[in-house]
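The structure appears below as structure tokens.
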Amino acid sequence: MTQAPAPSAAAAVPRSVRLVYFAWVRERVGLADEQVELPAGVNTVLDLVRWLKTRDEGYAAAFADETLVRAAIDQSHVKPGAHLDGAREIAFFPPMTGG
Amino acid sequence: MTQAPAPSAAAAVPRSVRLVYFAWVRERVGLADEQVELPAGVNTVLDLVRWLKTRDEGYAAAFADETLVRAAIDQSHVKPGAHLDGAREIAFFPPMTGG
Amino acid sequence: MTPTIRIQREDFDLAAEIAALSAGRRDIGAVVSFTGLCRDEGGTLAALELEHYPGMAEAEIARVAETAAARWPLMGLLAIHRYGLVAPGEQIVLVIATSAHRRAAFEAADFMMDYLKTRAPFWKREHLADGTTGGWVEAKQEDDDAAARWS
Amino acid sequence: MTPTIRIQREDFDLAAEIAALSAGRRDIGAVVSFTGLCRDEGGTLAALELEHYPGMAEAEIARVAETAAARWPLMGLLAIHRYGLVAPGEQIVLVIATSAHRRAAFEAADFMMDYLKTRAPFWKREHLADGTTGGWVEAKQEDDDAAARWS
Numbered sequence: 001m002t003q004a005p006a007p008s009a010a011a012a013v014p015r016s017v018r019l020v021y022f023a024w025v026r027e028r029v030g031l032a033d034e035q036v037e038l039p040a041g042v043n044t045v046l047d048l049v050r051w052l053k054t055r056d057e058g059y060a061a062a063f064a065d066e067t068l069v070r071a072a073i074d075q076s077h078v079k080p081g082a083h084l085d086g087a088r089e090i091a092f093f094p095p096m097t098g099g
Numbered sequence: 001m002t003q004a005p006a007p008s009a010a011a012a013v014p015r016s017v018r019l020v021y022f023a024w025v026r027e028r029v030g031l032a033d034e035q036v037e038l039p040a041g042v043n044t045v046l047d048l049v050r051w052l053k054t055r056d057e058g059y060a061a062a063f064a065d066e067t068l069v070r071a072a073i074d075q076s077h078v079k080p081g082a083h084l085d086g087a088r089e090i091a092f093f094p095p096m097t098g099g
Numbered sequence: 001m002t003p004t005i006r007i008q009r010e011d012f013d014l015a016a017e018i019a020a021l022s023a024g025r026r027d028i029g030a031v032v033s034f035t036g037l038c039r040d041e042g043g044t045l046a047a048l049e050l051e052h053y054p055g056m057a058e059a060e061i062a063r064v065a066e067t068a069a070a071r072w073p074l075m076g077l078l079a080i081h082r083y084g085l086v087a088p089g090e091q092i093v094l095v096i097a098t099s100a101h102r103r104a105a106f107e108a109a110d111f112m113m114d115y116l117k118t119r120a121p122f123w124k125r126e127h128l129a130d131g132t133t134g135g136w137v138e139a140k141q142e143d144d145d146a147a148a149r150w151s
Numbered sequence: 001m002t003p004t005i006r007i008q009r010e011d012f013d014l015a016a017e018i019a020a021l022s023a024g025r026r027d028i029g030a031v032v033s034f035t036g037l038c039r040d041e042g043g044t045l046a047a048l049e050l051e052h053y054p055g056m057a058e059a060e061i062a063r064v065a066e067t068a069a070a071r072w073p074l075m076g077l078l079a080i081h082r083y084g085l086v087a088p089g090e091q092i093v094l095v096i097a098t099s100a101h102r103r104a105a106f107e108a109a110d111f112m113m114d115y116l117k118t119r120a121p122f123w124k125r126e127h128l129a130d131g132t133t134g135g136w137v138e139a140k141q142e143d144d145d146a147a148a149r150w151s
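Protein chains in written order, with our numbering: chain A, 1 to 99; chain B, 1 to 99; chain C, 1 to 151; chain D, 1 to 151.
Here is the structure:
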């Protein structure tokens with residue numbers, strides 16, 4: 001019998017995702033979008049936010065208030081605890097002010 | 001000292017009012033409007049309705065359900081107990097169905 | 001702010017009425033309109049005949065509009081109600097409320113329609129597609145209930 | 001009933017959109033429209049700049065519209081939201097709901113605006129009359145409260 005790959009094998013595959021930023025999050029980060037490899041241990045939106053904050057002062061400023069910035073995975077709103085499994089595009093933005 | 005006229009003196013003056021009817025009240029009464037002298041003792045809208053019902057079968061049919069027909073005095077909605085003092089135009093009509 | 005009230009046989013033009021309410025202003029943030037149309041009731045209706053009480057129709061809608069203007073911070077308020085024969089698909093009634101913010105505009109337009117339905121002296125009679133004259137439309141309890149929401 | 005959703009730089013025409021939703025129909029009894037305009041904020045504002053998330057803006061408004069269509073018996077539902085620079089007095093957003101009866105049309109349009117405000121990925125930045133760029137408009141607690149009314 002063949003054995004199914006262990007979950008850890010999937011996690012070891014480099015996960016490349018597109019990050020997109022809007023409004024003052026975009027301005028503070030200094031980028032509209034970028035492609036990143038998610039490090040091991042970054043499994044949720046909040047993990048990703050905390051990792052991004054370590055990258056430089058722009059990210060740190062953008063995500064200074066972790067509860068303020070909103071996130072979407074593949075163009076649907078998600079909460080900070082959402083898992084990144086299979087995510088292709090992760091967006092960060094301020095609370096919406098349209099309408 | 002002069003004495004104020006007694007209320008009964010005012011009530012004795014013939015009170016001529018215009019009655020107007022709408023929708024099926026108009027159709028049952030058979031008139032769109034008429035001028036009437038209010039008889040003594042007819043002091044409220046309900047008094048007037050009860051007097052009108054005695055005039056003929058058309059009025060009786062129009063006001064068969066005393067709680068259904070609505071009234072206005074001088075183009076403002078009133079309740080059945082409203083007094084007719086000073087009224088110039090009294091309207092009767094079904095519940096409104098505009099809009 | 002003086003509400004605009006018109007009772008007329010003729011049709012009306014929503015876009016022209018909004019333009020008139022908005023002319024020369026840059027402080028309006030929200031425009032809510034309600035247009036009531038004549039339905040064909042599954043093809044059974046040829047027309048609605050709208051009877052009204054001239055004078056009182058204007059006066060009563062004006063009283064409702066004044067109540068709305070006192071209750072919400074409006075920049076403009078308009079109500080037009082037609083009388084006479086109206087064919088399916090045609091417009092019967094129009095309410096427009098404008099304000100700085102959407103909540104006032106929505107609530108005022110909604111309130112105007114609920115009160116207009118139950119207080120404005122108009123009566124509808126059906127003319128049927130088979131050539132006969134149907135009955136007078138009966139008032140609905142749900143309209144009274146809707147108006148009672150505001151008190 | 002498939003909702004119409006458009007995200008566009010260009011202005012829109014309320015009357016044309018209502019005509020398109022009503023074309024060939026005689027079963028619509030109620031049309032409610034909401035138009036959101038850019039206010040000049042007492043003359044201090046030169047323009048609003050509307051940034052959006054292309055793709056998600058359409059998708060999210062479509063999700064809100066599907067929720068409305070499942071909740072109320074609608075005959076038509078439309079939402080248009082502009083992006084780019086909008087001057088005071090210009091239109092920003094349009095919602096139209098049509099139904100047989102007024103309650104569904106009013107509630108659906110009101111719901112659409114509350115949810116669109118809090119869920120559609122748009123952000124406003126102020127360009128001031130003195131030539132400077134103002135800040136990003138802050139989200140309001142009252143908008144979250146308004147959306148919470150429906151749940």
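No residue lacks a Cβ here, since even glycine has one placed at the ideal position from N, Cα and C.
The model shown is predicted, which means the values in this text are computed figures rather than measured ones.
Which of the residues in the region 108-130 of chain C, read from start to end, lie with their CB under 8 Å from any CB of chain B? Met113, Leu116, Lys117, Thr118, Arg119, Ala120, Pro121, Phe122, Trp123, Lys124 and Arg125
Say whether chain D places a C-beta atom closer than 7 Å to the C-beta of C:Val86. no
Cα-Cα separation between D:Leu78 and D:Ser22, rounded to whole angstroms: 12 Å
State yes or no: is the beta carbon of B:Phe63 nearer than 7 Å to at least one beta carbon in chain C? Not closer than 7 Å to any Cβ of chain C, the Cβ of B:Phe63 fails to qualify, so no.
Would you call C:Asp144 buried or exposed, if buried means 16 or more other Cβ atoms sit within 10 Å of its Cβ? Result: exposed.
Using only the alpha-carbon positions, how far apart do D:Phe122 and A:Glu37 sit? 28 Å
Can you find a C-beta in chain D that's less than 7 Å from the C-beta of C:Thr44? no
For the region 6-85 of chain C, list the alpha helix (DSSP H) runs that are entirely contained and at least 4 residues long, ordered along the chain. 14-22 and 56-71
Taking C-beta pairs closer than 8 Å, name the residues in chain B that C:Gly139 reaches, listed in chain order. Rather than Gly, the amino acid found at residue 139 of chain C in this sequence is Ala. Those within 8 Å of C:Ala139 in chain B are Pro94, Pro95, Met96 and Thr97.
Pick helix, strand or coil for B:Val45, following the three-state DSSP scheme. helix
Do the region 45-56 of chain D and the region 126-134 of chain C make contact, defined as three or more Cβ pairs closer than 8 Å? no
Establish whether the CB of D:Trp136 and some CB of chain A are separated by less than 7 Å. Judged by the 7 Å Cβ criterion, D:Trp136 is in contact with chain A.
Own chain, CB closer than 6 Å to D:Trp150, minus 5 neighbours either side, in chain order: Only Phe111 meet the Cβ criterion.
Name the two residues that bound the continuous beta strand (DSSP E) containing C:Lys124. Phe122 to Leu128
With which residues is A:Phe93 paired in a DSSP beta bridge? A:Arg70
Using a Cβ-Cβ distance cut-off of 7 Å, determine whether C:Leu37 contacts chain D. At least one chain D Cβ lies under 7 Å of C:Leu37.
I'd like to know whether the C-beta of D:Val93 is nearer than 7 Å to at least one C-beta of chain A. yes
Under 7 Å from the C-beta of C:His101: neighbouring residues of chain E: Here the protein chains are A, B, C and D, and chain E is not one of them.
Three-state secondary structure (DSSP) of A:Val25: Collapsing the DSSP output to three states places A:Val25 in a helix.
So, does the CB of D:Ser151 fall closer than 7 Å to a CB anywhere in chain C? no
Helix or strand or just coil, what does DSSP make of B:Gln75? coil
Please report the distance separating the alpha-carbon of C:Glu10 from that of C:Arg82. 7 Å
Go ahead and pull the three-state DSSP assignment for D:Glu90. coil
Whose CA, out of C:Ala87, C:Ala139, C:Gly24 and C:Ala120, lies closest to the CA of C:Ala65? C:Ala120
Ignore the nearest five residues each way along the sequence and tell me which others in B:Glu34's own chain have a CB closer than 7 Å to its CB. Leu19
Closer than 7 Å by C-beta to B:Val29: which residues in its own chain qualify, once you throw out the five before and the five after it? Chain order, please. Tyr21, Gly58, Tyr59 and Ala62
Residues of chain D with a CB under 7 Å from the CB of C:Arg26: which are they? Arg39, Asp40, Pro88 and Gly89
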